[in-house]
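Heads up: the sequence shown is residues 1066 to 1400, going by our numbering. Backbone N, C-alpha and C fix where the C-beta goes; we use that ideal spot for every residue, glycine too.
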Amino acid sequence: MKTAVVGAGSWGTTVAALTAANSETVLWERRPDLAERIDRDHENGDYLAGVELPAQMRATSSLAEACDGADVIVMGVPSHGFRAVLTDARGLIGPDVPVVSLCKGVEQATLQRMTEVAAEVLEGHLADRIGVLTGPNLAREVAAGQPTASVVAVRDEPTARMLQQLFWAPSFRVYTNPDVVGCEIAGALKNVLAIGSGIADGLGYGDNTKAALMTRGLAELARLGVALGGDPLTFAGLAGMGDLIATCSSPQSRNRHVGVELGRGRKLDEIVAEMKMVAEGVKTTAAVLEIASQRGIEMPLASFVGRVLNEGAHPADLVPELMLRKATSELHGIR
1066 MKTAVVGAGS WGTTVAALTA ANSETVLWER RPDLAERIDR DHENGDYLAG
1116 VELPAQMRAT SSLAEACDGA DVIVMGVPSH GFRAVLTDAR GLIGPDVPVV
1166 SLCKGVEQAT LQRMTEVAAE VLEGHLADRI GVLTGPNLAR EVAAGQPTAS
1216 VVAVRDEPTA RMLQQLFWAP SFRVYTNPDV VGCEIAGALK NVLAIGSGIA
1266 DGLGYGDNTK AALMTRGLAE LARLGVALGG DPLTFAGLAG MGDLIATCSS
1316 PQSRNRHVGV ELGRGRKLDE IVAEMKMVAE GVKTTAAVLE IASQRGIEMP
1366 LASFVGRVLN EGAHPADLVP ELMLRKATSE LHGIR
């Protein structure tokens, strides 16, 4: 079996290293010089320096070489470039080939999740074979073999079981879940909430504050996810609570890093300019809030993050604004 992993950021590279143990794997990197170095040195020095990659994993800058004849396509491209890259590859992808997104974002112009983008671009493709891999999966820890778990969400059960085995590793336990919508929206929204949690960190608040923000953030995530058709149990699992905890807590989280620096008084433009990799929450926040507005879903924490990112609101107002909201039941808006 051949697996094409499209996108050689830290997570795409890590997933390619996982699948290389179970399948012939080709990793696509758009820059020929980096693709050549990965293929020669078995290391992605730009995004995963110091991690030795499997010798059997190949890298290329040719999308045709990566995707032609592939039995599985794994899309590790950020949301803003996902459609364009998949459009370039669509002539190489058969209608029954599983397509798995690694992206935790929403397309800004259309408000579509990445599986929706894929179904639109790959017209005639079997929709129940388009899915997502998601969970508390910080790339460097997974690449180092630290134990964790993940979820592969796809509606076709035989495909789900096949993908489960493809991604499985001794330190990477994979569960299946047919709830593509819930898993995908959880992955997108937790990045927005991680910026809010990072702001609290940057302002110097302690663990009680951050725990409260994460918990109430999870309530927002569940409200929106259920309104979009997600299974409530998904948000208590790896794709919801698990990924939220990891992203809000870890210094390795790019979205949390953005929040921390905002809380310390730095400007968004300079924070983003110095980052090598994309913090999806920065681009996704406005799209997620528009989806929530269309559904009439209240999301105070995400809304505050949106005002900080896009309207110049002061990060120091985060906790006072949320604390002074009208008192209500903890279960308000959840059931």
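According to the Cβ coordinates, are S1215 and F1237 closer than 8 Å? In contact: S1215 and F1237 (Cβ atoms closer than 8 Å).
Pair every Cβ in the segment 1295-1305 with every Cβ in the segment 1340-1357, then say whether three or more of these pairs are closer than 8 Å. No, the segment 1295-1305 is not in contact with the segment 1340-1357.
Compute the beta-carbon to beta-carbon distance between M1364 and L1289, rounded to the nearest angstrom, for a pair I have assumed lies under 8 Å. Contact annotation, M1364 with L1289: C-beta distance approximately 7 Å; criterion of less than 8 Å satisfied.
Helix, strand or coil for A1131 per DSSP? Residue state for A1131 is assigned as helix, using DSSP reduced to three classes.
Is V1171 close to chain B, meaning its C-beta is less than 8 Å from at least one C-beta of that chain? No chain B is part of this structure, which consists of one protein chain only.
Could you tell me which residues DSSP pairs with R1319 in its beta bridges? According to DSSP, R1319 bridges with nothing at all.
Quick check on DSSP: helix, strand or coil for K1067? Assigned with DSSP and collapsed to three states, K1067 falls in strand.
L1303 and K1255: beta carbons closer than 8 Å? No, the pair does not count as a contact, with Cβ atoms beyond the cut-off.
According to DSSP, residues forming a beta bridge with S1126: BP columns for S1126 are empty, so no partner.
What are the boundary residues of the alpha helix (DSSP H) that T1350 is part of? Residues 1345-1360.
Spatial distance of L1366 from R1155 (CA atoms): Distance between the alpha carbons of L1366 and R1155: 38 Å.
Report, in whole angstroms, the separation of the C-beta atoms of A1069 and M1122, which I expect to be a contact under 8 Å. Separation of the CB atoms of A1069 and M1122 is rounded to 12 Å, and the pair is thereby denied contact status at 8 Å.
DSSP three-state assignment for G1267, whether helix, strand or coil: Shown here, G1267 sits in a helix according to DSSP, grouped into three states.
Is the segment 1117-1135 touching the segment 1092-1106, taking contact as three or more C-beta pairs under 8 Å? Because the criterion of three Cβ pairs below 8 Å is met, the segment 1117-1135 and the segment 1092-1106 touch.
I need the boundaries of the alpha helix (DSSP H) containing M1364, first residue and last residue. Neither: M1364 is in no alpha helix (DSSP H) and is coded neither H nor E.
On the DSSP bridge list, what partners appear for V1217? Its beta-bridge partners are L1198, T1241.
Distance, I1362 Cα to N1061 Cα: Since the first residue shown for the chain is 1066 and the last is 1400, residue 1061 is missing from the structure and cannot be characterised.
With H, G and I counted as helix, E and B as strand and the rest as coil, what does DSSP make of A1073? Three-state result, A1073: coil.
Below 7 Å CB to CB, which residues in the same chain sit around R1400 once its five sequence neighbours on both sides are set aside? Because R1400 carries a pLDDT of 49, less than 50, the predicted location of this residue cannot be relied on, and the following value inherits that uncertainty. Same-chain partners within the cutoff: there are none.
Rounding to the nearest angstrom, what Cα-Cα distance links A1311 and G1282 in this structure? A1311 and G1282 have their alpha carbons spaced roughly 13 Å apart.
State buried or exposed for N1273, treating a residue as buried only when at least 16 other CB atoms are found within 10 Å of its CB. With fewer than 16 other Cβ atoms within 10 Å, it is exposed.
Quick check: what's the CA-CA separation for A1135 versus V1162? A straight line joining the alpha-carbon of A1135 with that of V1162 spans about 8 Å.
Report the rounded CA-to-CA distance for V1207 versus I1138, giving the unit in angstroms. Approximately 20 Å between the Cα atoms of the pair.
Residues in its own chain within less than 6 Å of G1072 by CB, not counting five upstream and five downstream? Contacts found: G1141, V1142.
Measure the Cβ-Cβ separation of A1253 and K1169 and say whether it is below 8 Å. Yes, they are a contact pair.
Quick check on Q1177: buried or exposed, where buried means 16 or more other Cβ atoms within 10 Å of its Cβ? Per the 10 Å Cβ criterion, buried.
Tell me whether R1178 sits in a helix, a strand or coil according to DSSP, three-state version. Three-state DSSP puts R1178 in a strand.
For E1011 and E1188, I'd like the C-alpha separation in whole angstroms. The requested residue 1011 is not part of the displayed model; the chain covers only 1066 to 1400.
Distance between V1091 and W1233 (C-alpha atoms, nearest Å): Going from the Cα of W1233 to the Cα of V1091 covers about 17 Å.
Through-space distance from D1133 to A1276, alpha-carbon basis: Between A1276 and D1133, the C-alpha separation is close to 47 Å.
When the Cα of V1245 is compared with those of D1266, E1222, P1235, which residue comes out closest? Considering only alpha carbons, the answer is E1222.
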